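Worksheet: the structure to be examined is printed underneath.
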Amino acid sequence: MKKLTINDSTTSWQLADKIREISGENINTCMQCGTCSAVCPMFQQSGSPPRLVMALAQLGLEDQLADQRIYKVCASCLYCGVRCPRGIDVPRVMEALRQITLRQNIDMIHPAQIPEADMRELPTIALVAAFRKLTA
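Just so you know, our numbering puts the end of the sequence shown at 152, numbered straight through with nothing missing.
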């Protein structure tokens, strides 16, 4: 997978600033309480908690951040944002990370790799939504 970067010499504050620019959220106010991870319905499917993504983004660890799936599969259900004691809209942060990736022309879903049987069974609206959300 291609590295999630803003440019070739990204620092942690540059990544945090880019996330703030896109989402309007200051990730540096996250105190790593874990509330977002505790309520995330996608945590089991992704294998990476939102708390980890927030920590990696705060530290500017782009290589490790690119390997996390949670921001790619975030359902934007708003549970984490509603319960965050610091008032961080975590789904907006996840969307900002998706946007940073998509702006580098990195598709997160490839239509040709979806089995034909699944293409027939999945609701068309779900496929269209996935393509809009996960392709550049």
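Every residue gets a Cβ at the ideal spot worked out from N, C-alpha and C, and that includes glycine.
Note that the structure is predicted; figures quoted are calculated from it, not measured.
### Query
In chain order, what residues of the same chain lie with their CB nearer than 8 angstroms to the CB of Val89, ignoring the 5 residues before and after it?
Here residue 89 refers to the residue found at position 73 of the sequence shown. Cβ-Cβ distances below 8 angstroms link Val89 to Met58, Gln61, Ser62 in the same chain, with the five nearest sequence neighbours on each side left out; the list follows chain order.
### Message
For the region 69-83 against the region 41-50, do three or more pairs of beta-carbon atoms, one drawn from each stretch, fall closer than 8 angstroms, so that the two count as touching?
### Response
By the Cβ rule, the region 69-83 counts as touching the region 41-50, because three or more pairs are nearer than 8 angstroms.
### Message
For the alpha helix (DSSP H) containing Leu75, name the first residue and the last one.
### Response
On the sequence shown, residue 75 is found 59 positions in, with the first residue counted as 1. DSSP places Leu75 in the uninterrupted alpha helix (DSSP H) bounded by 66-75.
### Query
What are the boundary residues of the alpha helix (DSSP H) that Arg99 is part of?
Within the sequence shown, the letter at position 83 stands for residue 99. 95-99 is the span of the alpha helix (DSSP H), which, as asked, contains Arg99.
### Query
Are Cys164 and Thr51 closer than 8 angstroms when you measure CB to CB?
The question about residue 164 has no answer here: the residues shown for the chain are numbered 17 through 152.
### Query
On the premise that Met124 lies in contact with Gln143, defined as a C-beta separation below 8 angstroms, what is that separation, rounded to the nearest angstrom?
For the purposes of this step, residue 143 is taken as residue 127 along the sequence shown, with counting starting at 1. For the purposes of this step, residue 124 is taken as residue 108 along the sequence shown, with counting starting at 1. In the sequence as displayed, the identity of residue 143 is Leu instead of Gln. Their Cβ separation, rounded to whole angstroms, is 14 angstroms, which puts Leu143 and Met124 out of contact at 8 angstroms.
### Query
With a CB to CB cut of under 7 angstroms and the five nearest residues on each side skipped, what residues in its chain are close to Ser53?
Residue numbering aside, residue 53 sits at position 37 when the sequence shown is read from its first letter. Taken in chain order, the residues that qualify are Phe59, Pro65, Pro66, Arg67.
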